[in-house]
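Structure first, commentary second.
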Amino acid sequence: MAEFDVKEQGLAGLTLMKRIREFEDRLPGLSQEGEIRGSTHPSSGMEAVSVGVSLALEDRDAIASNHRGHAHTLAKGADFKKTMAEILGREDGYCKGKGGSMHLGVKEIGVLGTNGIVGAGIGIATGAALASQVKGDGSVAVAYFGDGGSNQGVLAEAFNLAAIWKLPVIFVLENNYYAQSASVEDMVAQRDFTKRGEAYGVPSFEVDGMDLEQVYVTMDKAVERARAGEGPSFIVANTYRYLGHMAGDTEIYRDAAEVEEWRAKDPVAKLQNRLIEEGVLTAADIEKLEADITAEIDDVVEFAKNSPYPAVETAFTDVYAS
Ligand SMILES: Cc1ncc(C[n+]2csc(CCOP(=O)(O)OP(=O)(O)O)c2C)c(N)n1
Numbered sequence: 002m003a004e005f006d007v008k009e010q011g012l013a014g015l016t017l018m019k020r021i022r023e024f025e026d027r028l029p030g031l032s033q034e035g036e037i038r039g040s041t042h043p044s045s046g047m048e049a050v051s052v053g054v055s056l057a058l059e060d061r062d063a064i065a066s067n068h069r070g071h072a073h074t075l076a077k078g079a080d081f082k083k084t085m086a087e088i089l090g091r092e093d094g095y096c097k098g099k100g101g102s103m104h105l106g107v108k109e110i111g112v113l114g115t116n117g118i119v120g121a122g123i124g125i126a127t128g129a130a131l132a133s134q135v136k137g138d139g140s141v142a143v144a145y146f147g148d149g150g151s152n153q154g155v156l157a158e159a160f161n162l163a164a165i166w167k168l169p170v171i172f173v174l175e176n177n178y179y180a181q182s183a184s185v186e187d188m189v190a191q192r193d194f195t196k197r198g199e200a201y202g203v204p205s206f207e208v209d210g211m212d213l214e215q216v217y218v219t220m221d222k223a224v225e226r227a228r229a230g231e232g233p234s235f236i237v238a239n240t241y242r243y244l245g246h247m248a249g250d251t252e253i254y255r256d257a258a259e260v261e262e263w264r265a266k267d268p269v270a271k272l273q274n275r276l277i278e279e280g281v282l283t284a285a286d287i288e289k290l291e292a293d294i295t296a297e298i299d300d301v302v303e304f305a306k307n308s309p310y311p312a313v314e315t316a317f318t319d320v321y322a323s
């Protein structure tokens, strides 16, 4: 089992979280410019979950994501340019522009797809874990879903199957306290989510989803158990999305003060301060890192904008398995 080393996971995690934040923060502007058709759901504020989870995974492991899936995909190792091109619906995207933000898959690194159907990834990841068990290839699968997704019936079925068959699946609930505009207080009676997992015999853990170390260490243990044939785990990561549910969200369901309270617990700032305190980075290093990231994401956006839209005559190619 790996320990959290600030020089290793800390530095790698901070860099990746900052790159993902910059990527995600560009999306509302790109929507306003008309570069993104349809909706996208940025996850700024939630980076410690996907990055902490992915630091404990390998390329052969699978993830099944949800509608808020860019960070899951990028943290798993996707190329930023191809991801942005896909979100913009362009030919150089991972799915040649036909998947977009919510049907973005990257087979070579086990990204089984973002998904517009809330809760769908739960069944997909459980199926991938069954495939891994049948093949005996030692890979694990992760299902990402939100507090809203946790209310889908598929979770009960997946918990039970995974527990009785000891499937190598890790259920990751990103509890950001809202499902679109509905608060978790209004929608969930039993808000100690770990009790739901325990009720099905799935070892369940609650973590501070704004803390990369906590997410990583808990995930690493879950991966170890899954690879050892000991079955599923359920990780409940409490986190927060800073931006609206999607571009154009008026956010009348929450107070600006609440958003500010959570911004004060920012996972990126928290880890950055720690790295400075522990002498891993200086303020000058961070300035350089941020300038590099801004330039990198400028290039990412430029690449995507310059990529052509797919030709109309290719509308049905690569859509159905032959
Ligand atoms: C089956 C289904 N029901 C409803 C919707 C509409 N919808 C899209 S996102 C969303 C909220 C999901 O909330 P949560 O799972 O907590 O994820 P978050 O958006 O907070 O990341 C809803 C209800 C949908 N896409 N699919």
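Counting with the numbering used here, you get residues 2 to 323 for the letters of the sequence shown. Ideal placement from N, C-alpha and C gives every residue a C-beta, glycine not left out. As the structure is a prediction and not an experimental result, all values here were calculated from the model.
- For residue 93, the three-state secondary structure derived from DSSP is coil.
- In the DSSP assignment, residue 129 falls within the alpha helix (DSSP H) that extends over 121-136.
- Cβ-Cβ distances below 7 Å link residue 199 to 205 in the same chain, with the five nearest sequence neighbours on each side left out; the list follows chain order.
- Following the DSSP letters along the chain, one finds residue 32 inside the alpha helix (DSSP H) bounded by residues 28-33.
- In this structure, residue 121 sits away from residue 169, with a CB-CB distance that is not shorter than 8 Å.
- Distance from the CA of residue 220 to the CA of residue 213, rounded to the nearest whole angstrom, comes to 10 Å.
- Contact between residue 298 and residue 23 holds: CB atoms are separated by about 5 Å, below the 8 Å threshold.
- Residue 177 sits away from residue 217, with the two beta carbons spaced by 8 Å or more.
- Taking 7 Å as the cut-off, the C-beta of residue 149 counts as close to a heavy atom of ligand 1.
- DSSP places residue 234 within a strand segment (E or B) once states are collapsed to three.
- In this structure, the C-beta of residue 117 approaches ligand 1 to less than 7 Å from one of its heavy atoms.
- Membership of residue 53 in the alpha helix (DSSP H) is indicated by the continuous run 48-56.
- In this structure, the alpha-carbon of residue 118 lies about 42 Å from that of residue 281.
- Nearest C-alpha to residue 202 among 185, 105, 233: 233.
- A Cβ-Cβ contact shorter than 8 Å links residue 110 with residue 79.
- Taken through DSSP and simplified to helix, strand or coil, residue 171 comes out as strand.
- Ranking 195, 131, 69 by CA distance to the CA of residue 104 puts 69 first.
- Across the structure, residue 156 and residue 96 are spaced so that their CA atoms are roughly 28 Å apart.
- Contact annotation, residue 146 with residue 67: C-beta distance approximately 6 Å; criterion of less than 8 Å satisfied.
- In the three-state scheme derived from DSSP, where H, G and I count as helix and E and B as strand, residue 206 is classed as strand.
- When secondary structure is reduced to three states using DSSP, residue 274 falls in the helix class.
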